[in-house]
Amino acid sequence: MVTQKNTLSGWISLRKARKAVLSKTTYRGITAIIIFFICWEVSSRLNFPVVGQIPPPSSVFSAMRKIIGSPDFWGSWLVSFKRVFAGFIVAQIIGIPLGLLMGINRVFRDLTFPAIEILRPIPPLAWVPAAVIFWPTAEMSITFVTFLGAFFTVVLNIIGGAKSIDVRYIRAAHSLGSRRRDIFLRIVLPATLPSMFVGMAVGMGITWEVVVAAEMIASRSGLGFLTWQAYVAGNYPVIVIGMISIGIAGFLSSTLLRVIGRRVTPWLKVI
Amino acid sequence: MADARDGAGLDVRPTACRVATAGSLSSGKISIRNVSKVYDPDGVNVKALDDCSLEIGAGEFCVVVGPSGCGKTTLLNAIAGFHSISSGEIYLDDQLLCSEKKIAEPGADRIVVFQNGALFPWSTVLDNVISGPVVQGKMTPKEAKSAAMELLCRFGLSGISHNYPGQISSGMRRRVEIARAMMNDPKVLLLDEPFRAMDALTKSVIHKYLLDVFDLSGKTIFFITHDLEEAIFLGDRVVVSTTRPGRIKKIINVDIPRPRDFRVLSSEQYRELKVEAIGAVHEEALKAFEAGERELA
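Listed in order, the protein sequences are those of chains A and B.
For the numbering used here, add 32 to where a residue sits in the first sequence, where the first one is 1.
For the numbering used here, add 430 to where a residue sits in the second sequence, where the first one is 1.
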């Protein structure tokens, strides 16, 4: 009986997975990508203005075949990922407690918010020269700049989330006998999780933007440098490979965040 | 009446709770004495409550009806400990709850069920129900869970214990919220228009449910609504409040015997009470309506 049930539920989940993979949306998505590549190839071959300058997919693919086995190429991936995640994780470690504290403590918010609001509009890339000067190594300055990319978004989203908690939940918790600590752990923290993850997703996007630009300016490694070096060497297909790699890397990072986000906020998927 | 219910031998509280607080069965008397409340935002004095006095007996189902903005919720919030009062005193079982100088401490002896519901959306039904005893340190999560499952079973809610509030209907959510309140074995249940914005069918089901909980537990219930029919159907007494500033206009004793069900709604006695109440409520509704017109003009 039990095994029967297991096989049945296993079969159902398999069918569900197949249904999700082979859905119309997937077919449409694949079709769109194929059409995109055809348009690209055709416009490149026919030498259309502007887009005709971009190497066609066929030459990108043949360049890809050469580069895909090289450890340097994957090293660039690794270096960029390391920088992104180092900056991103430090931004979370500092930003999450700071945002929560600012969200729940009025006095602390009044004291810190103005400073953050003045620093926030400065684009992370404007920090590059200063960062190169005051951090001992180039690696640290790039990590610092990526940290800035994620930091402000996370802080602001958490403050917003904490401030918008419905007073009913706080009152209900008080009524049920909660103390300050319980209110924080059982109400404030879970209630801000969704906006925390929105902040993280946006922050992750900014982090990739920043790391690539920083690598072009101040580094001799990473996907940004790979792309820039290809430009300097006039190796146009590799420019495109670099761009696509950055796109895929960003997509993988935000997918990872989405998966974690869904795990920790299971109540959201039902609404 | 309360004694008769207590003597019935049925109890909707989990056993662990009942053992811990067996002495509290006949408690829950609320004395509201000369309570006034003035809101003073931007120097504009708005008198929400004006010299209200009301004695609510232990185990009584007391319903307050009145037009919107008549200070009903102000009174409930003062009892719950969410708001202060400007003068007067409120006592719970002869203990001073709040006065001009003292704001009541919110606590699990007076649990509020809110207008729009306040189940924590991030917790499952079971985790919501156990949250009271667990944060108070009365039970370990494990003890609380088994007590809560027992309670949910008795309330017919065991099938949804692992669902999130977002997965169940609004009627179910209210039932869970009442179960969450009962889990704390409160002296008083404070219900602030809990069934507003529910369709008539859901309402009739949940009315019956609340009546069952009341009949079995013998808790004092302080219920706010602007639905007169609901008030008479549920309450032992219906307190009609005046429009702002809120004063007690009329108290109607509803001596329809319990247990009550939908057949009450077609009885002669119910109709007579309704006629009696409508007169009082209508007058106040008109005043509130005209006051609203003036505010808009």
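Ideal placement from N, C-alpha and C gives every residue a C-beta, glycine not left out.
All of these numbers come straight from a predicted model, not from anything done at the bench.
- Taking 9 Å as the cut-off, the Cβ atoms of Leu522 (chain B) and Asp622 (chain B) do not count as close.
- Assignment of Gln545 (chain B) by DSSP, reduced to helix, strand and coil, places it in the coil class.
- For a Cβ distance threshold of 8 Å, residue set Asp198, Arg200, Tyr201, Arg203 and Ala204 of chain A lies close to Ala548 (chain B), ordered along the chain.
- The distance from the Cβ of Val234 (chain A) to that of Thr185 (chain A) is about 5 Å, consistent with a contact at the 8 Å cut-off.
- Arg218 (chain A) is a Cβ neighbour of Ala205 (chain A), given a cutoff of 9 Å.
- The C-alpha of Phe550 (chain B) is placed about 22 Å away from the C-alpha of His513 (chain B).
- The alpha-carbon separation between Ser591 (chain B) and Gly193 (chain A) amounts to approximately 28 Å.
- In this structure, the straight-line span from the alpha carbon of Glu702 (chain B) to that of Ser227 (chain A) is close to 54 Å.
- Sorting B:Phe585, B:Val643, B:Asp657 and B:Thr672 by C-alpha distance to the C-alpha of Lys704 (chain B) places B:Asp657 at the top.
- Residues of chain A whose Cβ lies closer than 8 Å to the Cβ of Ile708 (chain B) do not exist, since the nearest Cβ in that chain is about 32 Å away.
- When Cβ pairs closer than 8 Å are counted between the two stretches, the region 673 to 685 of chain B is seen not to touch the region 629 to 641 of chain B, the count staying below three.
- Per DSSP, Asp645 (chain B) lies in no beta strand (DSSP E) segment; the continuous alpha helix (DSSP H) that holds it begins and ends at Ala630 to Ser647.
- Assignment of Tyr700 (chain B) by DSSP, reduced to helix, strand and coil, places it in the helix class.
- DSSP places Arg667 (chain B) within a strand segment (E or B) once states are collapsed to three.
- For Ala510 (chain B), the closest alpha carbon among the candidates B:Leu587, B:Arg610, B:Ala721 and B:Asp539 is that of B:Asp539.
- Closer than 7 Å at the C-beta level to chain A, one finds these residues of the region 553 to 577 of chain B: Ser561, Gly562, Val565 and Gln566.
- Boundaries cannot be given for Ser253 (chain A), as no beta strand (DSSP E) includes it and DSSP labels it neither H nor E.
- Ala578 (chain B) has its alpha-carbon roughly 10 Å from the corresponding atom of Pro571 (chain B).
- A distance below 8 Å between beta-carbons, with the five flanking residues on each side excluded, links Val264 (chain A) to no residue of its chain.
- Non-local beta-carbon contacts of Leu151 (chain A) in its own chain, meaning distances under 7 Å to residues more than five positions away in sequence, are absent.
- Ala281 (chain A) is positioned such that its CB atom lies no closer than 9 Å to that of Leu258 (chain A).
- Sequence-distant partners of Ile273 (chain A) (beyond 5 residues in either direction) whose C-beta falls short of 7 Å from its own C-beta, in its chain, are Val92, Ala95, Met96 and Ile99.
- With a beta-carbon spacing of about 4 Å, Pro497 (chain B) and Ala718 (chain B) fall inside the 8 Å limit used to define contacts.
- DSSP, reduced to helix, strand and coil, places Leu716 (chain B) within a helical segment of the structure shown.
- Assigned with DSSP and collapsed to three states, Asn267 (chain A) falls in coil, not helix or strand.
- Those residues of the region 212 to 236 of chain A placed with their C-beta closer than 8 Å to a C-beta in chain B are Asp214, Arg218, Ile219, Pro222, Ala223 and Leu225, ordered along the chain.
- Taking 9 Å as the threshold, the shortest C-beta distance from Leu208 (chain A) to chain B falls below it.
- Listed along chain A, no residue sits closer than 8 Å to Tyr469 (chain B) by beta-carbon distance, the nearest being about 17 Å off.
- Taking the CA atoms as reference points, Arg610 (chain B) sits about 11 Å from Ser207 (chain A).
- DSSP lists B:Val618 as the beta-bridge partner residues of Thr650 (chain B).
- The Cβ atoms of Cys528 (chain B) and Ala508 (chain B) sit closer than 9 Å to each other.
- A straight line joining the alpha-carbon of Tyr201 (chain A) with that of Gly547 (chain B) spans about 9 Å.
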